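Per the working numbering, numbering through the sequence shown is continuous, rising by one, with the last residue being 449. Single-structure report; data block below.
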Amino acid sequence: MSRVLVFDSGVGGLSIVQSIQEQAPNVTIDYAADSGFFPYGLKTDQELKERLPMLCAALVKEAQPDLLVLACNTASTLALDAVRECVDIPVVGTVPAIKPAAEHTETGVVGVLATPGTVRRQYLNNLEKEFASKVKVLRYGTAGLVELAERYVRDEVLSIDQFETAISPLFSKENGEDIDTIVLACTHFPLIKHQIQNACPKHVKKLIDSGEAIARQVIKRLKEEKPSNSSRNGRALLTGGRANKVAYSTVLEKFGFLRVDIIDL
Ligand code: DGL
185 MSRVLVFDSG VGGLSIVQSI QEQAPNVTID YAADSGFFPY GLKTDQELKE
235 RLPMLCAALV KEAQPDLLVL ACNTASTLAL DAVRECVDIP VVGTVPAIKP
285 AAEHTETGVV GVLATPGTVR RQYLNNLEKE FASKVKVLRY GTAGLVELAE
335 RYVRDEVLSI DQFETAISPL FSKENGEDID TIVLACTHFP LIKHQIQNAC
385 PKHVKKLIDS GEAIARQVIK RLKEEKPSNS SRNGRALLTG GRANKVAYST
435 VLEKFGFLRV DIIDL
């Protein structure tokens, strides 16, 4: 059986876990959250560049997966190559779904919801240049929406107003009233897709994320690999000490991770 390690700063990568489970139920998944360093979207590029390669190498050493999924746009758009250099297994990254959104829009205006880190990336400029040169792309970075996703999966009662407040600046931008397609360019956001859709103005017809495409890529890459013999159930690894075990265990259990270990990194 193949083992995959899905990694994010917090609970966002669980949206990718769901997509992989749907398409590849036989793959064993371990989950790792850098909960001690969350949120990535508010960290400097330098901080993330220093931390990510070393952290991912240590997590891979601990979990021994056949493949690593960097289930975080903020990390992938900055350090995917550096992480690949530090591990000896394939790494699947998370790329904002600019291409399908540019193909889908009818008004020619696409909105991108991401973290403050992701919206300033050169990586995003390159994607736009390559796949969206004929459409207008409006970006908005929101750490508030990430926070709402973290609270939602912990069963906090949240109002539609909170979601509206978090995303409304996207629609106040020039041409914002013409956005018909939105890219959910943060893995936390598919977890609150319904709430985001409800909080969007009526002219928004479609929200697109990368979950399905990543799951397809995982399956393709695993076929090329020799599966490991390890048969233990998936577990979750967390940074940041015991307090995070308390904060995460119930959520992780809901997604099937019954064993949660703290890793000192
Ligand atoms: N889930 C992460 C992403 O896809 C980032 C959330 C955060 O730590 O700010 O970008």
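Each residue gets a CB set at the ideal place from its N, CA and C atoms; glycine is no exception. On a predicted model such as this, the values are computed, not experimentally measured, just so you know.
Item                                                                                                           : Value
Beta-carbon gap between A208 and A247 smaller than 9 Å                                                         : no
DSSP state of G292 mapped onto helix, strand, coil                                                             : coil
Nearest-angstrom Cα separation, counted from G325 out to V367                                                  : 12 Å
Beta-carbon proximity check, F315 vs L252, cutoff 9 Å                                                          : no
6 Å Cβ shell around E409 - same chain, five flanking residues per side excluded                                : D250
Contact belief for T434 with G197 at Cβ below 8 Å, rounded distance in angstroms                               : Between G197 and T434 the Cβ distance is about 17 Å, and since that is not below 8 Å, they are no contact.
C-alpha distance - K407 paired with R400, whole-angstrom precision                                             : 11 Å
Whole-number beta carbon distance between I447 and T423, since they are thought to touch under 8 Å             : 6 Å
Pair within 9 Å by beta-carbon distance, A383 and L226                                                         : no
Closest Cα partner of R268 within the set P385, G425, M238                                                     : M238
Straight-line Cα distance separating V337 from Y432                                                            : 10 Å
Within 9 Å, strictly: CB atoms of V195 and G295                                                                : no
Beta-ladder partner(s) of A327, from DSSP                                                                      : None, per the DSSP bridge assignment.
Buried or exposed by the 16-neighbour rule on C-beta atoms within 10 Å, applied to E358                        : exposed
Spatially closest choice to P353 from L264, L297, N428, by CA coordinates                                      : L297
Distance cut-off 8 Å: G458 Cβ against heavy atoms of the ligand DGL                                            : Residue 458 is absent from the structure shown; the chain starts at 185 and stops at 449.
Residue range of the unbroken alpha helix (DSSP H) whose run includes D218                                     : It is not in any alpha helix (DSSP H) - D218 carries neither H nor E in the DSSP assignment.
Buried/exposed call for I344, threshold 16 Cβ in 10 Å                                                          : exposed
L262 and D229 closer than 9 Å at C-beta                                                                        : yes
Per DSSP, the bridge partner or partners of R443                                                               : R419
3-residue-minimum beta strand (DSSP E) runs that sit fully inside the segment 239-264, ordered along the chain : 251-254
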